[in-house]
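In this note's numbering, the protein residues as written are 20 to 535. All C-beta atoms, glycine included, are put in the ideal place defined by N, C-alpha and C. Source: prediction; values computed, not measured.
Here's what the structure looks like:
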């Protein structure tokens, strides 16, 4: 049976399930650069350039290994700019007997694909994506009957099933996680290696020109562009992390420095999420470092937890709860996202540094995303739809399946506690302790009131006061609310009024976004 095999921009793996079922002698692979996908949100220029370049390199590799491909470029005159349109044109060219694809990562695209059989009058075979450790069905089975779907218990169960970092039925080292050893603030003499960088080849140079011409108003800096764009380069990034940074990753994974946006992090989420790198490759590399005594257990476990814990967990939760999960807004947050998230113009040093890195690199590490930018959105009561759109737009590793649970559940507590046991809210003291951002800030993190007081301080208390009816009963917030109760009515009102004044002053004013 001849098949038209559709491969999407986040499926760039040579071991993809649809390729394993395909036939090089009779099948045709379709790949397409589409405005319907680039324009869903105002994607960062680097994100578009990265994915298009990676797609074009992957297409070339497929051809070199004997596959027949039909690659549609963004500026092809007849490009319909949609999946359905391009499949229709490809059917007319190649006359396949069926459409074959690996299950899409996004609910919207899967729903679209499930309608193609009726639309085109051809069989459509959608095969499970086996690049993950846990299938959506396995996650659903794990979740069945549980009152709480906590990542920690999912992570433990997955380790038992895979044997990763296990000694029989017990975790290696006697502990399931080593978070208590992984919360050190930045040290005074940290020697942080530079991230891996790759000079654009001719294919990437063509893509950069394309993005400059077709997406001039999109967010972010396009230059310099130094992403890995092939699986070989992505593996180089992984091995550089293992050799140079993994040993310090665990201890300093929560630390932030103004002049070091990359810290000891791996910078491989781009490549994992588009398929250039497999989760199993990352896990095996980290295990090798531990077995060779080149990285301590706390670092290796912390890294592996990000891969087989959080990454697998949020994917399972996404498919379990969609499409309703997208509509959740437990805290009834309705404020618009401030303009400074696009312009970068704010007197809050921590927010400014994180936004600057995001604009330049289409990257920020997970603590910057969660405890600075996300924390502000939570405390300020920003509408989840706007926050989700922003995160999906600005980060090159952002796809809905991974971003939506992290933003709606982890950052905003908009799911009411499905993902997290409490809101990840923090005041000024946390940021001051875990970073050097406060050193050059207009505001004073230790000042509780007055014009120089850090907004994170009064926004934190105002958040608790504003959401008291929904959050007071949370057992993990009992001590905090007892502190709130000890304040005088006048002090509480002052905090609420100061927060309201600040937020009103940061309301969107339709400023122009920073352009690359």
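Between the beta-carbon of residue 98 and that of residue 237 there is about 18 Å, and that puts the pair past the 8 Å contact cut. With a cutoff of 9 Å on beta-carbon distance, residue 152 and residue 277 are scored as not near each other. Cβ contact annotation for residue 371 (same chain, cutoff 7 Å, sequence separation greater than five): 363, 365, in chain order. The region 43-51 makes no contact with the region 207-217, as fewer than three CB pairs between them are under 8 Å.
Across the structure, residue 196 and residue 317 are spaced so that their CA atoms are roughly 8 Å apart. Our two residues, residue 302 and residue 223, have alpha carbons roughly 29 Å apart in a direct line. Collapsing the DSSP output to three states places residue 27 in coil. When secondary structure is reduced to three states using DSSP, residue 477 falls in the helix class.
Annotated three-state conformation of residue 524 is helix, per DSSP.
The beta carbon of residue 518 lies closer than 7 Å to those of 477, 478, 481 in the same chain, with the five residues before and after it left out. Separation of residue 464 and residue 312 (C-alpha to C-alpha, rounded to the nearest whole angstrom) is 40 Å. The alpha carbon of residue 422 has as its nearest neighbour, out of 436, 435, 403, 261, the alpha carbon of 403.
Residue 116 and residue 102 have their C-alpha atoms roughly 18 Å apart. Of the candidates 360, 295, 143, 483, 295 places its Cα closest to the Cα of residue 74. The way I'd put it, the region 170-187 doesn't touch the region 239-247; fewer than three beta-carbon pairs between them come closer than 8 Å. According to the DSSP assignment, residue 265 belongs to no beta strand (DSSP E) but to the alpha helix (DSSP H) extending over 265-271. Residue pairing by DSSP puts residue 354 in a beta bridge opposite 401. Looking at 486, 57, 314, 387, the one whose alpha-carbon comes closest to that of residue 263 is 314. Apart from sequence neighbours up to five positions away, the residues of its chain that approach residue 354 with a beta-carbon distance below 7 Å are 399, 400, 401, 402, 522, ordered along the chain.
With respect to the 9 Å criterion, residue 258 and residue 382 are not classified as neighbours on the basis of their beta carbons. With distances taken between CA atoms, residue 267 lies nearest to 320 out of 320, 229, 513. DSSP, reduced to helix, strand and coil, places residue 47 within a strand of the structure shown. Within its own chain, the residues whose Cβ lies closer than 6 Å to the Cβ of residue 281, once the five positions on either side in sequence are excluded, are 214, listed in chain order. Contact annotation: the region 409-422 does not touch the region 443-454, with fewer than three C-beta pairs closer than 8 Å.
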